[in-house]
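Enquirer: At position 68 of the first sequence the residue is numbered 82 (our numbering), and the sequence of numbers has no breaks. Yeah, the Cβ is synthetic: ideal placement off N, Cα and C, and Gly gets one too. Model, not experiment: these values are computed from the prediction.
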Amino acid sequence: MKTQLDTVYTPSKYEDEIYEKWEKSGAFTPEIDESKVPFVISMPPPNATGRLHLGHSLMLAIEDIMIRYNRMCKVPTLWLPGTDHASIATQTKVEKILLEKGITKESLGREAFMKEMEEYVENSKHIIRSQIKKMGSSCDWTRERYTLDKGLSNAVQEIFIRMYNDGLIYRGNRIVNWDPVSKTSIADDEVEYKEVTEKLYYIKYGPFEVATTRPETMLGDTAVAVNPEDERYQKYIGQKVKIPFPLGEFEVIVIGDKEVEKEFGTGMVKVTPAHSVVDNEMATRHNLEVKMVINQEGKMMDNCGKYAGMTTVECREKFVEDLKEMGLIIKIEDYTHNLSISYRSGAPIEPLISKQWFIDVNKKVINDNGVMKSVKEKSLEVVKNGEIKIIPERFEKNYNNWTENLRDWCISRQLWFGHRIPIYYCDNCENPIASKVTPDKCDKCEQSAFTQDPDTLDTWFSSGLWTFSTLGWPEKSKDLEYFHPTTVLETGYDIITFWVARMILMTTYALNDIPFKNVYLHGMIRDKQGRKMSKSLNNGIDPLDMIAKYGTDALRLGMILGNTPGNDLKIFEEKIESFRNFINKIWNASRFAMMNIEGDEKEPTEANIKTDLDKWILSKLNELVVKSNDNLKNFKLSECGLETYDFFWNTFCDWYLEMSKGENKNPVILKYILETLLKLLHPFAPFVTEKIWNNLEKENLLIAEEFPKERENFNFPEEAANIEKIKEIIEKIRSIRAEMKIEPAKKINAIIYCEKNSNIINSNLETLKKLARLEKIEITDNKQSEKNAKYFTVKEFEIFLPLIDMIDLEAEKKKLKEEIENKGTYIKSLETKLANKTFTDKAPKAIIEQTESKLKETKDEIDKLNAQLKDLD
RNA sequence: GGGCGCUUAGCUCAGUUGGUUAGAGCGUCUGGUUUACACCCAGAAGGUCAGUGGUUCGAAUCCACUAGCGCCCACCA
Numbered sequence: 015m016k017t018q019l020d021t022v023y024t025p026s027k028y029e030d031e032i033y034e035k036w037e038k039s040g041a042f043t044p045e046i047d048e049s050k051v052p053f054v055i056s057m058p059p060p061n062a063t064g065r066l067h068l069g070h071s072l073m074l075a076i077e078d079i080m081i082r083y084n085r086m087c088k089v090p091t092l093w094l095p096g097t098d099h100a101s102i103a104t105q106t107k108v109e110k111i112l113l114e115k116g117i118t119k120e121s122l123g124r125e126a127f128m129k130e131m132e133e134y135v136e137n138s139k140h141i142i143r144s145q146i147k148k149m150g151s152s153c154d155w156t157r158e159r160y161t162l163d164k165g166l167s168n169a170v171q172e173i174f175i176r177m178y179n180d181g182l183i184y185r186g187n188r189i190v191n192w193d194p195v196s197k198t199s200i201a202d203d204e205v206e207y208k209e210v211t212e213k214l215y216y217i218k219y220g221p222f223e224v225a226t227t228r229p230e231t232m233l234g235d236t237a238v239a240v241n242p243e244d245e246r247y248q249k250y251i252g253q254k255v256k257i258p259f260p261l262g263e264f265e266v267i268v269i270g271d272k273e274v275e276k277e278f279g280t281g282m283v284k285v286t287p288a289h290s291v292v293d294n295e296m297a298t299r300h301n302l303e304v305k306m307v308i309n310q311e312g313k314m315m316d317n318c319g320k321y322a323g324m325t326t327v328e329c330r331e332k333f334v335e336d337l338k339e340m341g342l343i344i345k346i347e348d349y350t351h352n353l354s355i356s357y358r359s360g361a362p363i364e365p366l367i368s369k370q371w372f373i374d375v376n377k378k379v380i381n382d383n384g385v386m387k388s389v390k391e392k393s394l395e396v397v398k399n400g401e402i403k404i405i406p407e408r409f410e411k412n413y414n415n416w417t418e419n420l421r422d423w424c425i426s427r428q429l430w431f432g433h434r435i436p437i438y439y440c441d442n443c444e445n446p447i448a449s450k451v452t453p454d455k456c457d458k459c460e461q462s463a464f465t466q467d468p469d470t471l472d473t474w475f476s477s478g479l480w481t482f483s484t485l486g487w488p489e490k491s492k493d494l495e496y497f498h499p500t501t502v503l504e505t506g507y508d509i510i511t512f513w514v515a516r517m518i519l520m521t522t523y524a525l526n527d528i529p530f531k532n533v534y535l536h537g538m539i540r541d542k543q544g545r546k547m548s549k550s551l552n553n554g555i556d557p558l559d560m561i562a563k564y565g566t567d568a569l570r571l572g573m574i575l576g577n578t579p580g581n582d583l584k585i586f587e588e589k590i591e592s593f594r595n596f597i598n599k600i601w602n603a604s605r606f607a608m609m610n611i612e613g614d615e616k617e618p619t620e621a622n623i624k625t626d627l628d629k630w631i632l633s634k635l636n637e638l639v640v641k642s643n644d645n646l647k648n649f650k651l652s653e654c655g656l657e658t659y660d661f662f663w664n665t666f667c668d669w670y671l672e673m674s675k676g677e678n679k680n681p682v683i684l685k686y687i688l689e690t691l692l693k694l695l696h697p698f699a700p701f702v703t704e705k706i707w708n709n710l711e712k713e714n715l716l717i718a719e720e721f722p723k724e725r726e727n728f729n730f731p732e733e734a735a736n737i738e739k740i741k742e743i744i745e746k747i748r749s750i751r752a753e754m755k756i757e758p759a760k761k762i763n764a765i766i767y768c769e770k771n772s773n774i775i776n777s778n779l780e781t782l783k784k785l786a787r788l789e790k791i792e793i794t795d796n797k798q799s800e801k802n803a804k805y806f807t808v809k810e811f812e813i814f815l816p817l818i819d820m821i822d823l824e825a826e827k828k829k830l831k832e833e834i835e836n837k838g839t840y841i842k843s844l845e846t847k848l849a850n851k852t853f854t855d856k857a858p859k860a861i862i863e864q865t866e867s868k869l870k871e872t873k874d875e876i877d878k879l880n881a882q883l884k885d886l887d
């Protein structure tokens, strides 16, 4: 098969074209086959307006490998792609763009603003889509979904209404994490902590002293708390105390609460129920008055006298000044603590009371064979009982810990972009009605004018439904029935709580089923120094640059090989470059193979499996096939990739191809090995393998081929061992040549002494000569003393390399002695082991046998060495 | 404060039920152009597997403690 191909593989020349071929072939779309259990992954949806980053690349590479492998195993395989509307992130982005044009969303109005949003999303969705394709992702685009699609929105409304009717969703006036920049509430896990050094103010607080970082909240204080065990203050508990402050005087009650630490600060805490989560909890316990003083803009409210309208920061400054004037500031210290900030806007969180929608995580609403369970209990159960397996296992603890401590989930957001809450209030009597559309009339007062709740739902509410809303739920669709629950949910460990836990929660409620059987968690991307990639550090690597430069296959391998689940991944250009080299190696080895085959060779059979080399490579390949299947079934992608890499380069290229040039030439085997390797490599490096497959003039696409399976009749341990011996002889000769500084061009002679098995040598004479650069090989069963030679043994063979005038007899002797000594130590250790009764009693038979044969082998070697040493004297 | 992880060759990392005298890639050094590939080939150097103790016939692997690094959760005003 003669083909003219470039000596360098240029990924950019072929990748897009190959992707198009795959997609057009329909290979990405599974056929439902009721007799088989499908393999399904719901792709974690990137933000619709997002750009591909390395985190996506990693996710796509891992998932694509799993998908391609299972598809090639002829399992109906669905990888469902899609995008997320990412309400807060996207809205912020568009608001900013509009603001540049001098437009605020308020000036546009909700409807017009939404139109802008939709347009923006529509225009940018194709970008992320094409970038996903760039990674070679073989996902089913015919089933692409977007969280704001009609079907998905319907699912969101449906589940909200069901939960509402079950009393699982309720509306409450409660303290929430307020993001004063995005002007919305956010969930507990959307709050991040940043260490900051602020001032800690010690303030004269009536007859007491308190310490606080937020003096301005004094305006909302309604109590002062002490530890009930604290002798200093016990006597005050229950008393009302007047506190003088810049606006005159206010009254608080002294409460005793065990949350207060005696040792911290003054041991006394001012309590601001409306603007601190902890204080709010105390207020609930003690039935305290709740006084709001900060509004949703983060400004002081009208009830704050002269401070009204100031931001909290402005107010703090002025307020402290005023306190100082009144002599109420005792001292000010630097204080380092964790400040709560919004994970989206980075703004300091302003806890405040507002009316929000919550999911009650403790209400027992799931009927589990007659036992009523809460979503929290059920979520914990499905992981504990192994229905859902988390990889790596250790993250189960994270999950359990978070779920156990889960508080009611605040699901409403004061954003415009998102799923609007399907609740309508009667304009007349304010009766709330859960409905997908505007109700006809109020069931209480019979009026028919309504206003829909202005809030939207947390993005994670809709993505929590992702595995089943994308398959048609609440319709009983064929897809839903066949493909759900999905097989693997693959994502980064940083979103276990945001997303994985929410999916489990929502799915166990909605379907009384799990969303996925396995959770595979990948790590975070880091630079070579282990730092996160960020704009400010300017250490980011753009996957698209890497693809342009080195090709997608190289990028994929660079991310997959050497990385294990749950561990962070350090990525840098040299790494990708080295895999680019490997891709090129695949290309060239294939090019070489193609020069040596006709192309119409049949499968290997007994008749055309001829030489030891044939049997050696078939056996080795068989081992690799078994391991590959095993590894991929167990999600050990890295191990599989590394082993295949090693096999391809070292076993196939460096040994098999080299040894097959000559007496061992057998195109049938060569073709079979190459094709099998291409299949094994395809999930990892889909483009180059597909391109080569195409060069081989195959009818079908490689993507649709079957993944190799073990061929039991292709195991030839004995013949394989023969080639191992030949290999070892060549290696030793090469090593000696290098050590003796024999020019590569110079050929030398070898005498091989053996009592039996000379046929092994005889049938590989050409190979030995070529690879060890030998002129003449003499095979003999009559051992002669040979002093002017280098000597070594390989199993039953003793090899002499006569190198007249180059041998230093004394040095040779010394070397032999050293080797004998070294082997002697080893033998001793083995003998001690075998003489140890507890070892022979307790160790498994196989280990003992192994040790024994090792001992025998080494003894044989040492005998030969001793004989040789004697000969030299 | 609670939990988790990491520490193996100069660098990046494999090493899953404990069992050959511990591996790979990159880098380094020496040497090379041979039926594909210099994005290549051949050879070599380089490790008391963080430390200590324990369990075991046997430990990089299991347990305990120590040290350094990192992450997550909670949060104290």
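With a cut-off of 8 Å on the beta carbons, I'd call residue 844 and residue 868 a contact; round off their distance for me.
Expert: 6 Å
Enquirer: Could you give the C-beta distance for residue 600 and residue 699, rounded to a whole number, given that I count them as a contact under 8 Å?
Expert: 7 Å
Enquirer: Within this structure, are the beta carbons of residue 466 and residue 426 separated by less than 8 Å?
Expert: no
Enquirer: Per the DSSP calculation, residue 382 is bridged to which residue(s)?
Expert: Per DSSP, 385.
Enquirer: So what's residue 365 in DSSP terms, helix, strand or just coil?
Expert: When secondary structure is reduced to three states using DSSP, residue 365 falls in the strand class.
Enquirer: Excluding five sequence neighbours on each side, which residues of the same chain lie with their C-beta closer than 6 Å to the C-beta of residue 147?
Expert: These residues qualify, in order along the chain: 33.
Enquirer: Considering only residues of the same chain and omitting the five flanking positions on each side of residue 271, which have a CB-CB separation below 6 Å?
Expert: 239, 296
Enquirer: Tell me which residues share the same chain as residue 847 and place their Cβ nearer than 8 Å to its Cβ, disregarding the 5 neighbours each side in the sequence.
Expert: Result list for residue 847: 853, 865, in chain order.
Enquirer: Since residue 366 and residue 189 should fall inside the 8 Å C-beta cutoff, what is the C-beta to C-beta distance between them, to a whole number of angstroms?
Expert: Beta-carbon to beta-carbon, residue 366 and residue 189 are separated by about 7 Å, close enough to satisfy the 8 Å threshold.
Enquirer: I need the straight-line Cα distance from residue 219 to residue 276, nearest angstrom please.
Expert: 17 Å
Enquirer: State the CB to CB distance for the pair residue 55 and residue 73, rounded to an integer number of angstroms; the pair is presumed to be in contact (CB under 8 Å).
Expert: The Cβ separation is near 10 Å, so there is no contact.
Enquirer: Do residue 530 and residue 501 have their C-beta atoms closer together than 8 Å?
Expert: yes
Enquirer: Less than 8 Å separating the beta-carbons of residue 96 and residue 160?
Expert: yes
Enquirer: Three-state secondary structure (DSSP) at residue 228?
Expert: coil
Enquirer: Kindly indicate the opening and closing residues of the alpha helix (DSSP H) around residue 140.
Expert: 124 to 148
Enquirer: Does DSSP put residue 647 in a helix, in a strand, or in coil?
Expert: In the structure shown, the three-state DSSP call for residue 647 is helix.
Enquirer: Give the single residue among 353, 534, 452 whose Cα lies nearest to the Cα of residue 408.
Expert: 534
Enquirer: Measure the alpha-carbon distance for residue 520 versus residue 53 and round it to whole angstroms.
Expert: 22 Å
Enquirer: Among 304, 204, 197, 773, which residue has its Cα nearest to the Cα of residue 237?
Expert: Ranking 304, 204, 197, 773 by Cα distance to residue 237 puts 304 first.
Enquirer: For residue 837 versus residue 810, is the C-beta spacing smaller than 8 Å?
Expert: For residue 837 and residue 810, no; Cβs fall outside 8 Å.
Enquirer: Spatial neighbours of residue 655 within its chain, please: C-beta separation below 7 Å, excluding the five flanking residues on both sides.
Expert: 571, 574, 575, 698
Enquirer: What are the start and end residues of each continuous alpha helix (DSSP H) run of 4 or more residues lying completely inside the stretch 759 to 834, in chain order?
Expert: 772 to 776, 779 to 786
Enquirer: Using 8 Å as the threshold, is the C-beta distance between residue 681 and residue 780 below it?
Expert: no
Enquirer: Out of 606, 544, 585, point me to the one whose CA is closest to residue 556's CA.
Expert: Comparing Cα-Cα distances from residue 556 to each of 606, 544, 585, the minimum goes to 585.
Enquirer: Please state whether DSSP places residue 721 in a helix, a strand or coil.
Expert: DSSP places residue 721 in coil when its eight states are reduced to three.
Enquirer: Excluding the 5 residues preceding and the 5 following residue 172 in the sequence, name in chain order all residues of the same chain whose CB lies nearer than 6 Å to its CB.
Expert: 488
Enquirer: For the stretch 710 to 729 against the stretch 750 to 768, are there 3 or more C-beta pairs whose distance is under 8 Å?
Expert: no
Enquirer: Which same chain residues, not among the five before or five after residue 517, have their C-beta less than 6 Å away from its C-beta?
Expert: 478, 529
Enquirer: Under the DSSP definition of a beta bridge, which residues are partnered with residue 237?
Expert: 267, 285
Enquirer: Assign residue 262 to one of three DSSP states: helix, strand, or coil.
Expert: strand
Enquirer: How many Å lie between residue 335 and residue 342 at the Cα?
Expert: Counting only the Cα atoms, residue 342 lies some 10 Å from residue 335.
Enquirer: Give me the residue from 873, 694, 672 with the minimum Cα distance to residue 636.
Expert: 694
Enquirer: Quick check on residue 550: buried or exposed, where buried means 16 or more other Cβ atoms within 10 Å of its Cβ?
Expert: exposed
Enquirer: Would you mind working out which of 887, 768, 449, 778 sits nearest residue 625, comparing C-alpha positions?
Expert: 778
Enquirer: Please classify residue 131 as buried or exposed, where buried requires at least 16 neighbouring CB atoms within 10 angstroms.
Expert: buried
Enquirer: For my contact list, residue 151 and residue 78 are in at a C-beta cut-off of 8 Å; report their separation, rounded to the angstrom.
Expert: 5 Å
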